[in-house]
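One structure below.
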Amino acid sequence: MPGGSATYNRLLTRRLALGGGISVTDIGSTYGNVASAAYVDIRSAFGKRRSTLLLFADIGAALYTGRQPDPARYYLAPTGFYSAVGLGYCYRIFRRGAGPYASLGMQAYKTDAHTVGRAPHDLDYSLISAYAVLSLGFKF
């Protein structure tokens with residue numbers, strides 16, 4: 075599943091950063107549409123030299139756009155919940171910590187699904203989709 079994300083973090087302590095970001099993922103294999111998310115990011119880095127180990131956790135809101143998977147039987151709510159956790163490695167090239175990184179994580183999207191013909195406030199069930207994600211990028 076192709077996708078992309080951008081996150082901005084600000085250091086709170088020497089090893090802990092807090093920030094926010096956006097993510098867009100093509101989840102066509104499941105829904106035939108796109109899921110985007112706005113989230114809060116908590117990140118911790120370990121390592122003093124060029125090699126840095128990253129741990130991160132994201133939590134936020136998801137927005138679904140595109141066609142419904144089975145409109146004759148049920149429909150998905152356009153908003154939901156987004157979360158992600160992961161582990162990464164960064165090789166610092168520049169003094170301030172910038173450099174290429176790779177991370178492996180798990181993203182999860184949760185939304186409510188309603189049966190066609192029922193009132194919109196009648197919750198039938200929740201749909202949770204989880205994906206393993208390999209990310210390659212550049213840390214500034």
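The sequence shown runs 75 to 214 under the numbering used here.
Yeah, the Cβ is synthetic: ideal placement off N, Cα and C, and Gly gets one too.
The criterion of a C-beta distance shorter than 8 Å is not satisfied by residue 200 and residue 177.
The beta carbons of residue 136 and residue 156 sit about 4 Å from each other, so the pair counts as a contact at 8 Å.
For the pair residue 162 and residue 114, the Cα-to-Cα distance works out to about 18 Å. By the Cβ neighbour-count rule, residue 82 is exposed, with fewer than 16 other Cβ atoms within 10 Å of its own.
By the CB criterion at 8 Å, residue 150 and residue 116 fall outside the cutoff. Counting the other Cβ atoms within 10 Å of the Cβ of residue 213 gives 16 or more, which makes it buried.
The residue among 169, 182, 190 with its C-alpha nearest the C-alpha of residue 133 is 182.
With contacts defined by Cβ atoms closer than 8 Å, residue 154 and residue 179 do not form a contacting pair. In the DSSP annotation of this structure, residue 87 is not part of any beta strand (DSSP E), being labelled neither H nor E. For a cut-off of 8 Å, the C-beta gap from residue 175 to residue 121 is around 12 Å, too long to register as a contact.
Excluding residues up to 5 positions away in sequence, 132, 179, 181 lie with their Cβ nearer than 6 Å to the Cβ of residue 158 in the same chain. The secondary-structure analysis by DSSP pairs residue 131 across a beta bridge with 116, 159. Per DSSP, residue 121 has no beta-bridge partner at all.
In the three-state reduction of the DSSP assignment, residue 202 falls in the strand class, which pools E and B.
If the five residues before and after residue 79 are omitted, its C-beta is found closer than 8 Å to the C-beta atoms of 95, 96, 97, 98, 209, all from its own chain and listed in chain order.
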